[in-house]
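A short write-up of the structure that comes next.
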Amino acid sequence: ETRVVRNPENRILRSIAAIAMWVSKMARPMYFGVLVLLRLADAQENFCTREYLSHFEGFPMRLDSSVYWFGPNDQSEKATGSASRFYDPNKPTMLYFHGWTGQGNGWTSKCKRLTTRCHSDVCPDGGGQLLVNDWLDEGWNVGFFYWDQFADEECARDAEQKLWFDRGGDGLAWKSYNPATGQTQFNSYAKSDEMTVSDICVNQVKRAMGSYKGSQVRFVGHSLGAQLAVRCASLLHVEDHPAAPSRLALLEPYFSKHSHMFFGCHGGVTTDEGM
Numbered sequence: 002e003t004r005v006v007r008n009p010e011n012r013i014l015r016s017i018a019a020i021a022m023w024v025s026k027m028a029r030p031m032y033f034g035v036l037v038l039l040r041l042a043d044a045q046e047n048f049c050t051r052e053y054l055s056h057f058e059g060f061p062m063r064l065d066s067s068v069y070w071f072g073p074n075d076q077s078e079k080a081t082g083s084a085s086r087f088y089d090p091n092k093p094t095m096l097y098f099h100g101w102t103g104q105g106n107g108w109t110s111k112c113k114r115l116t117t118r119c120h121s122d123v124c125p126d127g128g129g130q131l132l133v134n135d136w137l138d139e140g141w142n143v144g145f146f147y148w149d150q151f152a153d154e155e156c157a158r159d160a161e162q163k164l165w166f167d168r169g170g171d172g173l174a175w176k177s178y179n180p181a182t183g184q185t186q187f188n189s190y191a192k193s194d195e196m197t198v199s200d201i202c203v204n205q206v207k208r209a210m211g212s213y214k215g216s217q218v219r220f221v222g223h224s225l226g227a228q229l230a231v232r233c234a235s236l237l238h239v240e241d242h243p244a245a246p247s248r249l250a251l252l253e254p255y256f257s258k259h260s261h262m263f264f265g266c267h268g269g270v271t272t273d274e275g276m
């Protein structure tokens, strides 16, 4: 049985209803529909606080697409390439790649980022559960690659394209937000050696793990981040880089072929301009 909350004034909930009906019609496993409902629910926490934003370098006013290492109690630090409190180049390492962040009005304007502490819109009892303690207890480095300001597009397909190419040829659009003024805007990122988000990922992983000597690296990609994990891993293997993963875990991998119309997109998928 599929239960959908209907609210005629909420376009996101109407999209969720369409997804749920499509999932049921296509006889897909119902856990997919439930997880979509959870992932698209609006968060109740207030993330635009000085204490919360102090964990990140410049976000959300400046672009911060980087690897961050995590430690106990959701502590974090930006990767520098050197050994640090939460990174030992001799330990096994897991890197996580999040997915689309354009739900609602987007995560950037909420100052929202995924961390190792579960949000209330996903976990029960108000959230707050620590998700990687087992990894840390087993002696792993745990890192997240953030591309959320690129992934913050109303249409998930537009975020997806940035993983593979610069559609307009004029730089990759990324979103910024000024918590003091409430101003949100799109900016252009253009570097000759970073034409796609996957290129940025490769350079950031190499920067974070250039001296890596551990036993294994695993990439974990969720939703649209599964594509990024695969592409980033492929490019690292081409270079035979020590951070190239030996194992990939793709959680609910997302591709836009069948579902782009449910995620704020309009028009068909064509081969025009590289798509």
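Take the sequence shown: its position 100, counted from the start at 1, is 101 in the working numbering, and no numbers get skipped. Heads up, the beta-carbon is just placed ideally off N, CA and C, and yes, glycines get one too.
What residues are listed by DSSP as bridge partners for residue i?
i, result
"N179", "Q184"
"E78", "W70"
"N56", "A quick correction: the sequence has His, not Asn, at residue 56. For H56, which the question treats as bridged, DSSP gives no partner whatsoever."
"V190", "The sequence shown places Tyr at residue 190, not Val. Answer is L173, bridged to Y190."
What residue range is occupied by the uninterrupted beta strand (DSSP E) comprising residue i?
i, result
"N204", "Note, N204: premise wrong, no beta strand (DSSP E); alpha helix (DSSP H) at V198 to A209."
"G144", "N142 to F146"
"A152", "Note, A152: premise wrong, no beta strand (DSSP E); alpha helix (DSSP H) at D149 to A152."
"R248", "R248 to L252"
"L131", "It is not in any beta strand (DSSP E) - L131 carries neither H nor E in the DSSP assignment."
"F98", "T94 to F98"
At what residues does the alpha helix (DSSP H) containing residue i begin and finish?
i, result
"V231", "L225 to V239"
"L137", "N134 to D138"
"R158", "A157 to K163"
Round the Cβ separation of residue i and residue j to the nearest angstrom and send it over; I've been treating them as touching at under 8 angstroms.
i, j, result
"A1", "L251", "Past the edges of the chain, shown from 2 to 276, lies residue 1, and the structure says nothing about it."
"L131", "D167", "Contact doesn't hold; Cβ gap of about 37 angstroms is too wide."
"S67", "Q205", "6 angstroms"
"D65", "W108", "Contact doesn't hold; Cβ gap of about 13 angstroms is too wide."
"S199", "C233", "6 angstroms"
"W165", "T197", "6 angstroms"
"S189", "A174", "6 angstroms"
"D153", "G103", "5 angstroms"
Taking 8 angstroms as the cut-off, is the beta-carbon of residue i closer than that to any non-hydrogen atom of the ligand SAH?
i, result
"F145", "Among the ligands in the structure shown, none appear at all, so the ligand SAH cannot be discussed."
Open item on the list: Using a Cβ distance threshold of 8 angstroms, determine whether the segment 220-233 contacts the segment 91-103, with at least three qualifying pairs required.
Closed with: The segment 220-233, when compared against the segment 91-103, does touch it at the 8 angstroms Cβ threshold.
Task: Three or more C-beta pairs below 8 angstroms linking the segment 157-169 and the segment 67-84 - done: The answer is no - the segment 67-84 does not touch the segment 157-169, with fewer than three Cβ pairs under 8 angstroms.
TODO: Spell out a yes or no on whether the segment 46-55 and the segment 112-126 are touching, meaning 3 or more CB-CB pairs, one atom from each, closer than 8 angstroms.
DONE: yes
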